[in-house]
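Undergrad: Structure provided below as structure tokens; questions to follow.
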Amino acid sequence: MIKFPSIEQFRTVIRQVRTQAQYAGKDENGDPIIDLSLPIPTLKFRGTIKLHGTNAGVVYDVATDSFTYQSRERVLSLTQDNAGFMLAQMKNELYFRDFVAQVTNEILPGRDIAKVALFGEWCGKGIQKGVAISELPRMFVIFACKVVFGDGTDRWIPIDEIDMIYPKDIQDAVRIYNIDFFPSFTIDIDFNHPELAQNKMIEITNEVEQCCPVGADFGVKGIGEGVVWTCITPGWEGSRTWFKVKGEKHSVSKVKTLAAVDVEAVATMKAFVESVVTEARLEQGLDNLVREQLKPIEMTSMGDFIRWVYNDVLKEEMDTIVTNQIDVKKLGSAVANVARPWFVKKVNEGAGL
Numbered sequence: 008m009i010k011f012p013s014i015e016q017f018r019t020v021i022r023q024v025r026t027q028a029q030y031a032g033k034d035e036n037g038d039p040i041i042d043l044s045l046p047i048p049t050l051k052f053r054g055t056i057k058l059h060g061t062n063a064g065v066v067y068d069v070a071t072d073s074f075t076y077q078s079r080e081r082v083l084s085l086t087q088d089n090a091g092f093m094l095a096q097m098k099n100e101l102y103f104r105d106f107v108a109q110v111t112n113e114i115l116p117g118r119d120i121a122k123v124a125l126f127g128e129w130c131g132k133g134i135q136k137g138v139a140i141s142e143l144p145r146m147f148v149i150f151a152c153k154v155v156f157g158d159g160t161d162r163w164i165p166i167d168e169i170d171m172i173y174p175k176d177i178q179d180a181v182r183i184y185n186i187d188f189f190p191s192f193t194i195d196i197d198f199n200h201p202e203l204a205q206n207k208m209i210e211i212t213n214e215v216e217q218c219c220p221v222g223a224d225f226g227v228k229g230i231g232e233g234v235v236w237t238c239i240t241p242g243w244e245g246s247r248t249w250f251k252v253k254g255e256k257h258s259v260s261k262v263k264t265l266a267a268v269d270v271e272a273v274a275t276m277k278a279f280v281e282s283v284v285t286e287a288r289l290e291q292g293l294d295n296l297v298r299e300q301l302k303p304i305e306m307t308s309m310g311d312f313i314r315w316v317y318n319d320v321l322k323e324e325m326d327t328i329v330t331n332q333i334d335v336k337k338l339g340s341a342v343a344n345v346a347r348p349w350f351v352k353k354v355n356e357g358a359g360l
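Residues in the sequence shown are numbered consecutively from 8, following the working numbering.
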């Protein structure tokens, strides 16, 4: 059994990316070291249509030259199938072998591969209801591929690297598709200000919900479920950076809704913080920490340092705050995002006054 991972919410991925970006190894006790001075990246994501069906997988075992079939939680048998998935796919093993051959011979040639798992959505009539694709004949749409190597390590293969080598008439005959066959979307997310990407994701998801592109491709108009976003920036492709979203209009699934963001307010906040959290103010805060608060320049003092910088901004810049209608409840975290890495850098440099 090779389990397909849960696809997280956007806020979870934000936390994962920031943690991974600032991970600096482990200390002598084996505990992770987080270096807050390390930069937070901008990553490219690809959005594919989320299909409302049931999760299914086909796993090829190299050693035994055999296939097993599974749902999200269990290995299937003909007597304990999952909406008829195994029964329908056993006749298509020659087709799956062509997928596996691409992975083993073209994408990862010469590697010690133990298993290749193809994951997808088994969807169509009688599996779910309330969406456009529930009006279509059943089909298996592959959206992920995982390779397990002989040493037990594994790797996700970007699904757009696996070609559909058969013409569409044969794909239609076997009812097996690559999700890459259908419309997709791309977006850059700056994880320093990830909220700025939310409005675009909402716009895309609402369009999908209004009219499912997969259903429309087969001539059926109706509701779509949502969009799954996967990172395509090299080094960040793992499942920890996958997330799913839906808009506000339809509620046919449990995919979480994103809230719209006031982009102008975010831009104003960003510009304000850049103008007031200056090098001079940060140096003044460090001086206050040592000379007035009698605190060392160590990580244990970071909260005191950030608090002083924030309070000094409130005290000295209140007229600008009022004029530009800066939300002071959100100002604290914005100031901290600048002051924190600056302070960590000073600690690492062993700064002293």
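Note that the Cβ used here is the ideal one computed from N, Cα and C, for glycine as well. Please read these numbers as outputs of a predicted model, since none were measured by experiment.
How about Tyr56 and Trp249: do their beta carbons lie closer than 8 Å?
TA: The residue you asked about is not Tyr; residue 56 is Ile in the sequence shown. Cβ distance not < 8 Å, so Ile56 and Trp249 don't count as in contact.
Undergrad: What are the boundary residues of the beta strand (DSSP E) that Ser191 is part of?
TA: Counting along the chain, the beta strand (DSSP E) containing Ser191 begins and ends at Ser191 to Asp197.
Undergrad: Could you tell me how far apart the beta carbons of Arg78 and Ala63 are, in whole angstroms, since I believe they sit closer than 8 Å?
TA: In the sequence as presented, Arg is not what sits at residue 78; that position holds Ser. Between Ala63 and Ser78 the Cβ distance is about 6 Å, and since that is below 8 Å, they are a contact.
Undergrad: Any idea which residues DSSP pairs Gly164 with across the strands?
TA: Residue identity check: residue 164 is Ile in the sequence provided, not Gly. Paired residue(s): Cys152.
Undergrad: Distance check for Gln205 and Val316, CA to CA, integer angstroms please.
TA: Each residue's alpha carbon lies about 29 Å from the other.
Undergrad: Sorted by chain position, which residues of the same chain lie with C-beta nearer than 7 Å to Pro241's C-beta, five sequence neighbours on each side aside?
TA: Same-chain partners within the cutoff: there are none.
Undergrad: Taking Cβ positions, are Thr183 and Tyr76 nearer each other than 8 Å?
TA: The question names Thr, but residue 183 in the sequence shown is Ile. The answer is no: Cβ separation not under 8 Å.
Undergrad: Need the endpoints of the beta strand (DSSP E) that Gly222 sits in, please.
TA: Here Gly222 belongs to no beta strand (DSSP E); instead the alpha helix (DSSP H) covers Pro220 to Asp224.
Undergrad: Under a three-way DSSP split, which group does Gln96 fall into?
TA: Note: Gln96 maps to helix in three-state DSSP.
Undergrad: In or out: Gly54 buried (at least 16 other Cβ within 10 Å) or exposed?
TA: Per the 10 Å Cβ criterion, buried.
Undergrad: Report, in whole angstroms, the separation of the C-beta atoms of Phe74 and Glu100, which I expect to be a contact under 8 Å.
TA: Contact holds; Cβ gap of about 6 Å.
Undergrad: On the criterion of 16 or more Cβ atoms from any shown chain inside 10 Å, does Leu301 qualify as buried, or is it exposed?
TA: So Leu301 counts as exposed.
Undergrad: Take the Cβ of Met208 as the centre, count every other Cβ of all protein chains shown within 10 Å, and call the residue buried at 16 or more, exposed below.
TA: It counts as buried.
Undergrad: Find the nearest neighbour of Ala151 within the set Gly159, Ala124 and Gly131, judged by alpha-carbon distance.
TA: That would be Ala124, whose Cα lies nearest to the Cα of Ala151.
Undergrad: What first and last residue would you give for the beta strand (DSSP E) that runs through Gln77?
TA: Run containing Gln77: Ser73 to Gln77, per the beta strand (DSSP E) assignment.
Undergrad: Under 8 Å between the Cβ atoms of His59 and Glu323?
TA: No.
Undergrad: By DSSP's criteria, Met146 is part of a beta bridge. Which residues make up the other side?
TA: Answer is Cys130, bridged to Met146.
Undergrad: Less than 7 Å between C-beta atoms, sequence neighbours within five positions excluded: which residues of the same chain meet that for Val259?
TA: At Val259 the pLDDT is 39, less than 50, meaning the model places this residue with poor confidence; the figure from the coordinates comes in the next sentence. These residues qualify, in order along the chain: His59, Gly137, Val138, Ile230 and Glu232.
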